[in-house]
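Below: one structure, written as structure tokens.
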Amino acid sequence: MKNYDAIIIGGGAGLKIARPAADEGFHVAVIEEAQLGGTCLNRGCIPSKMLIHPADVLQQMRESDIYNINFDGKVHIDINKLVTYVSQTVDDESKSIYPLYEKHKNIDLYTCRTEFVDSYTLKVGNQLIKSSKIFIAAGARPYIPNIQGLEGSPYITSTELLRATKLPKSVAILGAGYIACELGHYLDAMGVKVHFILRSKFMRTLDDSIQEHFQKIFEKRFNVVKMNPEKVLYQNESFSIEGDGQTVEAQALLVAAGVLPNSDTLNLQKTGVDVDERGFIKVNEHLETSQSNIFAFGDIIGRNLFRHSANFEGEYLFEEHYKKRDQKQAVSYPPVPYGVFTWPQIGGVGKVERELKQEGTEYIVGLNAYQNSAMGMALQKEEGLVKLLFDAKTHKLLGGHVIGEQATTMCHMIIAYMNMEATLEDMLRTIYIHPALPEIIRNAARKAKASIK
0 MKNYDAIIIG
10 GGAGLKIARP
20 AADEGFHVAV
30 IEEAQLGGTC
40 LNRGCIPSKM
50 LIHPADVLQQ
60 MRESDIYNIN
70 FDGKVHIDIN
80 KLVTYVSQTV
90 DDESKSIYPL
100 YEKHKNIDLY
110 TCRTEFVDSY
120 TLKVGNQLIK
130 SSKIFIAAGA
140 RPYIPNIQGL
150 EGSPYITSTE
160 LLRATKLPKS
170 VAILGAGYIA
180 CELGHYLDAM
190 GVKVHFILRS
200 KFMRTLDDSI
210 QEHFQKIFEK
220 RFNVVKMNPE
230 KVLYQNESFS
240 IEGDGQTVEA
250 QALLVAAGVL
260 PNSDTLNLQK
270 TGVDVDERGF
280 IKVNEHLETS
290 QSNIFAFGDI
300 IGRNLFRHSA
310 NFEGEYLFEE
320 HYKKRDQKQA
330 VSYPPVPYGV
340 FTWPQIGGVG
350 KVERELKQEG
360 TEYIVGLNAY
370 QNSAMGMALQ
380 KEEGLVKLLF
390 DAKTHKLLGG
400 HVIGEQATTM
410 CHMIIAYMNM
420 EATLEDMLRT
430 IYIHPALPEI
440 IRNAARKAKA
450 SIK
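Mind the numbering: the sequence shown is residues 0 to 452 in numbering that gives the first Met the number 0, read in order.
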């Protein structure tokens, strides 16, 4: 049995602890059964955005007639070449990580599945390894709902779609969250007929104003069927999804109904690590599990399902355990932003309006449409919205949400203001470039100021 100063389960955000700790002289084991880089690099953020950007270009071309520009010739899309390039790029990036760990004298890299034998002992392959300090960052995988006929049918998830060098003529999408909407945009732009199957509405966690704006856009663009799917049939190389007396037919079925934490693969019943009813590992304010000296972070705790927040948690744990501190500190999150790379984009940070209502917080709203700005006039688009939320008493910025052109970039101005604990007056004192998109944020702040009685 090998004994380590630390064991890290997960080669995605887990790497935020592994090499820095090893550089400090600690003997570290890293366990990753798939490719190093985690979901983000290999099966999520990076390949999806590399495919979505060309989709954005195509969508921009589709809408170019508003600028009196017309593309009369047929656009040819070489999906095979595009996807092969993307896959090769992310594979090369992942492969480039391995030498940093294989050659490090203080790191042992295990490229296989692992499970707990007891609270501080893990089985990797045919070997047992042990540590008094273990960090679990094993991530999550696509959730597959229990629908009659789904299991055993050739459905796909985001994992397979991002590697698909040939696309179907039509696809039904089970799901209405970030992943479903991003991939729906990609497929539609590439010429696939997309049918969304929704139980209620798109992206329910968004601020209501932003969600309603987005819902109208996607319902106009796509065939949206609201139903509770009860049965899936696959015959004659085609899917039929039935529910509530309705049927949706498509050549392919994409299941993008959320994620399932990988906690069930670790044999946690051999430990004192507790999970919630959905399988996410429970942690305290120090990201420590119910088992002393076992920590968890990233998607597997279900707190914020973003790589940027997982990286933040990993960096916190490194600082907390491998840098000398006089006193231990609880994890303190700055405002955690989100981004959705659909068409249009969505970005936001902080509170949504219904949270403030539930908390009983008195607040001020600043709402401004893209078209009510100089650059908005240049864009000539009806969609696009900025919403700012301020404390009614202190005028402190509590949240901001953007839907429209470059929303994920625009949002960073709001993120910066929130990190500085800025007020409405701070935002209005700022000089904005004219005529740039961020003037829409200023205009929203002006609307909030005008609403004060």
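Using N, Cα and C, we set each Cβ at its ideal position, and we do this for glycine too.
Predicted model, so just to flag it, every value in this text is computed and none were measured.
Arg441 has its alpha-carbon roughly 12 Å from the corresponding atom of Ala373. Partner residues in the beta bridge of Glu287, as assigned by DSSP, are Phe294. Distances from the alpha-carbon of Ser289 to those of Asp22, Leu40, Met412, Leu267 put Leu267 closest.
By the C-beta criterion, the stretch 364-378 is judged not to be in contact with the stretch 85-97, since fewer than 3 inter-stretch pairs fall below 8 Å. When secondary structure is reduced to three states using DSSP, Pro98 falls in the helix class. Counting along the chain, Val170 sits inside the beta strand (DSSP E) bounded by residues 169-173. Looking only at Leu127, Val29, Ala249, Ile96, the smallest Cα-Cα distance to Met0 is reached by Leu127. Sequence-distant Cβ neighbours of Ala444 in its own chain, meaning closer than 7 Å and more than five residues away, are Gly365, Leu387, Leu423, Met426, Leu427. With a beta-carbon spacing of about 18 Å, Leu384 and Tyr416 fall beyond the 8 Å limit used to define contacts.
In terms of CA proximity to Gly242, Val231 leads the group Glu236, Ser157, Val231.
When C-alpha distances from Val274 are compared across Met60, Ala17, Ile135, the shortest belongs to Ile135. DSSP, read as helix, strand or coil, puts Ser130 in strand.
Scanning its chain for C-beta atoms nearer than 7 Å, with the 5 sequence neighbours on each side dropped, one finds around Ala421 the residues Leu396, in chain order.
Between the alpha carbons of Gly297 and Phe311 lies a distance of about 9 Å.
Within the stretch 312-365, the runs of alpha helix (DSSP H) at least 4 residues long that lie entirely inside it are, in chain order, 352-358. Annotation for Asn222: the continuous beta strand (DSSP E) segment containing it runs 222-225. Take the alpha-carbon of Glu159 and the one of Pro46: they are about 12 Å apart. Around the C-beta of His75, fewer than 16 other C-beta atoms lie within 10 Å, and the residue is accordingly described as exposed.
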